[in-house]
Amino acid sequence: MKGYMYILRCSNGSLYTGSTKYLEIRIRQHQAGFGANHTKKHLPVELVYYEEFQRIDVAFYREKQIQKWTHKKKLALIEGDFDALKALSICRSKKQ
Numbered sequence: 007m008k009g010y011m012y013i014l015r016c017s018n019g020s021l022y023t024g025s026t027k028y029l030e031i032r033i034r035q036h037q038a039g040f041g042a043n044h045t046k047k048h049l050p051v052e053l054v055y056y057e058e059f060q061r062i063d064v065a066f067y068r069e070k071q072i073q074k075w076t077h078k079k080k081l082a083l084i085e086g087d088f089d090a091l092k093a094l095s096i097c098r099s100k101k102q
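Just so we're aligned, residue 7 is where the sequence shown starts under my numbering, counting upward by one.
Now the structure itself:
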């Protein structure tokens, strides 16, 4: 069964990342206040990005990956700015 990883922009400017089997239904749930606590507190929400996968477990894995990203890196993904995304992906903790 297909799965989706999605990113919502909340009314306070924060970005919420989730995954689901039924994207349209899940977005309506968030908008109606039946989603996660974070989105419930920051309505309205807007779908700003999603990816479709052949299996829900892959979408869930992608969700967990993106949840670790910075706000700037998520914005680069949403905007399709792959140069910025690449630059923001460089590990800066290595000693040079």
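Glycine is no exception: its CB is placed at the ideal position from the N, C-alpha and C atoms.
**Request:** Write down the C-beta distance between Q37 and V54 rounded to the nearest angstrom, noting that I regard them as a contact closer than 8 angstroms.
**Result:** Position 31 of the sequence shown, counting from 1, holds the residue named residue 37. Position 48 of the sequence shown, counting from 1, holds the residue named residue 54. Going by Cβ atoms, the distance from Q37 to V54 rounds to 13 angstroms, so no, they are not a contact pair.
**Request:** Identify which residue in E69, R34, F40 and L94 has its Cα closest to the Cα of Y22.
**Result:** The residue you call residue 22 lines up with position 16 of the sequence shown. Comparing Cα positions, the closest option is E69.
**Asked** Does the Cβ-Cβ distance between M11 and I72 come in under 8 angstroms?
**Response** One-based indexing of the sequence shown puts residue 11 at position 5. One-based indexing of the sequence shown puts residue 72 at position 66. It is a contact, given that the beta carbons lie within the stated cut-off.
**Request:** Spatial neighbours of A90 within its chain, please: CB distance less than 6 angstroms, with the 5 preceding and 5 following residues excluded, ordered by chain position.
**Result:** As a first step, residue 90 must be located in the sequence shown, where it is residue number 84. Counting only Cβ-Cβ distances below 6 angstroms, and skipping sequence neighbours, we find A82.
**Request:** State the Cα-Cα distance for the pair G86 and E58, rounded to the nearest angstrom.
**Result:** Position 80 of the sequence shown, counted from the start, is the residue given in the question as residue 86. Position 52 of the sequence shown, counted from the start, is the residue given in the question as residue 58. Answer to the nearest angstrom: the Cα atoms are 16 angstroms apart.
**Request:** Whole angstroms is fine: what's the gap from I62's alpha carbon to L29's?
**Result:** The count along the sequence shown starts at 1 and reaches residue 62 at position 56. The count along the sequence shown starts at 1 and reaches residue 29 at position 23. Roughly 11 angstroms separates the two Cα atoms.
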